[in-house]
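First comes the structure, then the notes that go with it.
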Amino acid sequence: MRLRDHVVVVTGASGGIGRATAEAFAREGCAVVLAARREEALEATARECGKHRGARTLVVPTDTTDAEAVEHLARRAVEEFGGIHVWVNNAAVNAFGRFEDVPLEDFRRVLDVNVMGYVHGARAALRVMREQGRGTLIDVSSVVGAVTQPYSHPYGMSKHAVQALGSSLRQQLYVEGVKGIHVCTVMPATIDTPHFQNAANFTGRKVVAMPPVYSPERVARAVVKLVRHPRREVVVGPAGRALVRQSRTAPAVAERVMARQTEKTHLSRKEEAPATHGAVHVPIAGEGSVHGGWGGRRRTGMRRAAVAAALAGAAVAAGRRTGRGAPGC
Numbered sequence: 001m002r003l004r005d006h007v008v009v010v011t012g013a014s015g016g017i018g019r020a021t022a023e024a025f026a027r028e029g030c031a032v033v034l035a036a037r038r039e040e041a042l043e044a045t046a047r048e049c050g051k052h053r054g055a056r057t058l059v060v061p062t063d064t065t066d067a068e069a070v071e072h073l074a075r076r077a078v079e080e081f082g083g084i085h086v087w088v089n090n091a092a093v094n095a096f097g098r099f100e101d102v103p104l105e106d107f108r109r110v111l112d113v114n115v116m117g118y119v120h121g122a123r124a125a126l127r128v129m130r131e132q133g134r135g136t137l138i139d140v141s142s143v144v145g146a147v148t149q150p151y152s153h154p155y156g157m158s159k160h161a162v163q164a165l166g167s168s169l170r171q172q173l174y175v176e177g178v179k180g181i182h183v184c185t186v187m188p189a190t191i192d193t194p195h196f197q198n199a200a201n202f203t204g205r206k207v208v209a210m211p212p213v214y215s216p217e218r219v220a221r222a223v224v225k226l227v228r229h230p231r232r233e234v235v236v237g238p239a240g241r242a243l244v245r246q247s248r249t250a251p252a253v254a255e256r257v258m259a260r261q262t263e264k265t266h267l268s269r270k271e272e273a274p275a276t277h278g279a280v281h282v283p284i285a286g287e288g289s290v291h292g293g294w295g296g297r298r299r300t301g302m303r304r305a306a307v308a309a310a311l312a313g314a315a316v317a318a319g320r321r322t323g324r325g326a327p328g329c
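Throughout the sequence shown, residue numbering follows the UniProt record's numbering, covering 1 to 329 in sequence.
Written out as structure tokens, the structure is:
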């Protein structure tokens, strides 16, 4: 499918998966509307998108918890580019801590951004898409939308809600006989973004990216692919796919596996961390970035090299066994 004429709105485009996704659509020659709280970071994203031939950008600073601001975002996209073909709900925040230790104002804010922000985005997007008769709404959820974690209770709750939102919207469009509008949910595993550094943290321990870590570009490619070939849900990352499968066949086992993995590898055993609200209430200043310094792209390359080496070794061994078994050949 040719995407060059598509208009794409991306929330949370100031960094991480959102910025990588915006750049991926810009690479396709799309008109990309960039939304987040940080105008400085959005301008940096726009500069990167502008490097691609045919790409057009529009920066609209937006707090997705404000329904009127999100409606304004949709209007600006239509006024500037004539419509909205793709809307990517991606803006999200996180708060780590024991259930009793996360301040209620942080707990509530995570749910407001991650759930109501997506509700506002979906309402604005679907209004335009219904008028057009076509469009794709993509919600970026998480593997924790299927298997929750200790220490990130509001985030896990919010991502389960995102799964439910996508499912219920698909059902509504189905019973109404709507054919041209698709609702897709993306469930990334651990991704190399600034998400973990920017999270609120009340654990007393430094939050680190839980391995295996994948690149945000991998998620962006999955999002672009969904526009061409819509699917209900897509899990990004082999480890994530394995865990989601396990959650469906052996949910109690999956819960225990995730609990152990989180305790051992998601919170540092060596580095302490002061209590912080992170970017939950106020965005981090600066131009933002796609990557968080966790080596997602490098680690993916290393895993692929290891698999290739193992397959090559197995092929050589199989060849030797075959040779020994057929001396007359």
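Note that beta-carbon positions come from the ideal geometry of N, C-alpha and C, so glycine has one too.
Bridge partners - residue i, DSSP secondary structure assignment
i, result
"M116", "M116 pairs with nothing; no bridge assigned."
"V207", "L267"
"E233", "T185"
"V214", "Residue identity check: residue 214 is Tyr in the sequence provided, not Val. Answer is I191, bridged to Y214."
"L34", "V10 and V59"
"A95", "A200"
"E272", "R205"
Close-in-space but distant-in-sequence residues of the same chain around residue i (CB under 6 Å, 5 per side omitted)
i, result
"R56", "A31"
"R192", "The sequence given here places Asp at residue 192; Arg does not occur at that position. For D192, where only same-chain residues beyond five positions count, the Cβ hits under 6 Å are V213, S215, H291, G292, W294 and G296."
"T190", "A209, M210 and V213"
"V183", "L137, G166, L169 and R170"
"V102", "A95 and F202"
"R304", "Only weak support exists for where R304 lies, its pLDDT of 43 falling under 50; the value from the coordinates is given anyway. Within the same chain, R304 has no close Cβ partners at all."
"E271", "K206"
"L58", "V33 and E80"
"F99", "H153"
"P61", "E39"
C-alpha distance - residue i paired with residue j, whole-angstrom precision
i, j, result
"G204", "A273", "5 Å"
"A220", "L173", "25 Å"
"A306", "P211", "Residue confidence is low: A306 scores 37 on pLDDT, short of 50, so the model does not pin down where it sits. No coordinate-derived value is stated."
"R38", "S247", "36 Å"
"A209", "F196", "7 Å"
"S14", "A35", "7 Å"
"G50", "T64", "24 Å"
"P194", "G16", "6 Å"
"H229", "E28", "15 Å"
"V244", "V257", "12 Å"
"G133", "E233", "22 Å"
"V8", "E48", "16 Å"
"D106", "G117", "15 Å"
"V119", "H72", "15 Å"
"G286", "G18", "16 Å"
"T21", "E217", "7 Å"
"L42", "A69", "16 Å"
"A74", "R4", "20 Å"
Spatial neighbours of residue i in its chain, beta-carbon cut-off 7 Å, leaving aside the 5 residues before and after
i, result
"V78", "I84 and V128"
"N198", "G278, A279 and I284"
"A92", "G12, V113 and N114"
"R53", "G29"
Neighbourhood of residue i by C-beta, 8 Å cutoff - its chain only, sequence neighbours within 5 removed
i, result
"A275", "N201, F202 and G204"
"H6", "F25, E28, C30, A31, H85, V86 and V227"
"L267", "F96, Y151, T203, R205, K206, V207 and V208"
"residue 330", "Residue 330 cannot be examined here, being either before or after the span of the chain that is shown, 1 to 329."
Residue i - containing beta strand (DSSP E), residue span
i, result
"N184", "Note on identity: in this sequence residue 184 is Cys, with Asn being the wrong assignment. I181 to P188 is the extent of the beta strand (DSSP E) around C184."
"V88", "V86 to N89"
"L137", "G135 to V140"
N-terminal and C-terminal residue of the alpha helix (DSSP H) that residue i is part of
i, result
"T21", "G16 to R27"
"T45", "E39 to C49"
"H277", "Note, H277: premise wrong, no alpha helix (DSSP H); not H, not E."
"P150", "Note, P150: premise wrong, no alpha helix (DSSP H); not H, not E."
"P238", "P238 to T249"
"H72", "A67 to F81"
"V144", "No alpha helix (DSSP H) holds V144; DSSP gives it neither H nor E."
"V104", "Contrary to the premise, residue 104 reads as Leu rather than Val in this sequence. Segment L104 to L111, the alpha helix (DSSP H) holding L104."
Check: residue i C-beta below 7 Å from any heavy atom of the ligand NAD
i, result
"V60", "For the structure depicted, the ligand NAD is absent and the ligand set is empty, with no information on it obtainable."
Point to revise | Meets three-Cβ-pair contact criterion under 8 Å: the segment 134-152 and the segment 240-247 | key: The segment 134-152 is in contact with the segment 240-247.
Exercise for review: Take every Cβ of the segment 151-161, pair it with every Cβ of the segment 100-117, and state whether three or more of those distances are shorter than 8 Å.
Suggested key: A contact exists between the segment 151-161 and the segment 100-117.
Check your understanding: Hey, is the segment 84-96 in contact with the segment 119-135, meaning 3+ C-beta pairs nearer than 8 Å?
Key -> At 8 Å Cβ cutoff, the stretches touch.
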